[in-house]
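>
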Amino acid sequence: MDDETPNSSANKKNDDGERSARDNWPEAVGLTGEEAKNSINEENSLFHLEIVGPDHMVTADFRMDRVRIYVDSDGKVIRTPTVG
Numbered sequence: 007m008d009d010e011t012p013n014s015s016a017n018k019k020n021d022d023g024e025r026s027a028r029d030n031w032p033e034a035v036g037l038t039g040e041e042a043k044n045s046i047n048e049e050n051s052l053f054h055l056e057i058v059g060p061d062h063m064v065t066a067d068f069r070m071d072r073v074r075i076y077v078d079s080d081g082k083v084i085r086t087p088t089v090g
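According to this note's numbering, the sequence shown is numbered sequentially starting from 7.
#1: Identify whether residue 44 lies in helix, strand or coil by the three-state DSSP scheme.
#2: By a C-beta neighbour count over all protein chains shown, 10 Å radius and 16 as the cutoff for buried, is residue 60 buried or exposed?
#3: To which residues of the same chain is residue 76 closer than 6 Å at the C-beta, ignoring the five residues directly before and after it?
#4: Assign residue 73 to buried or exposed, taking buried as 16 or more other Cβ atoms, counted over all protein chains shown, within 10 Å of its Cβ.
#5: From residue 88 to residue 80, what distance separates their C-alpha atoms?
#6: Going by the CB atoms, is the gap between residue 49 and residue 69 shorter than 8 Å?
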């Protein structure tokens, strides 16, 4: 029996077929939202990436296939992008 949990970030495979267990990207803080999105996508293209601007509303649900990238009014990442 397979003991892997479906839809888990640890079970996502990157383009090389390797598993990526990362669930946060602190190095993205200070980049533009697009730079952060591209960087995370290069590492693992299976995540659904959302750039969230100031005053944008988001749902409270937790999803293992989603990474939200919060940016300020200048488009710079203001907090560590995280799975959820």
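Glycine residues also receive a C-beta, built at the ideal position from the N, C-alpha and C atoms. From a predicted model like this one, the values you see are computed outputs, not experimental measurements.
This is what the structure gives:
#1: Here residue 44 sits in helix by DSSP.
#2: Exposed is the call here.
#3: Non-local C-beta neighbours of residue 76 in its own chain, meaning closer than 6 Å and more than five positions away in sequence, comprise 58, 84 and 85, ordered along the chain.
#4: Only buried fits residue 73, as 16 or more other CB atoms lie within 10 angstroms of its CB.
#5: Going from the Cα of residue 88 to the Cα of residue 80 covers about 20 Å.
#6: No, they are not a contact pair.
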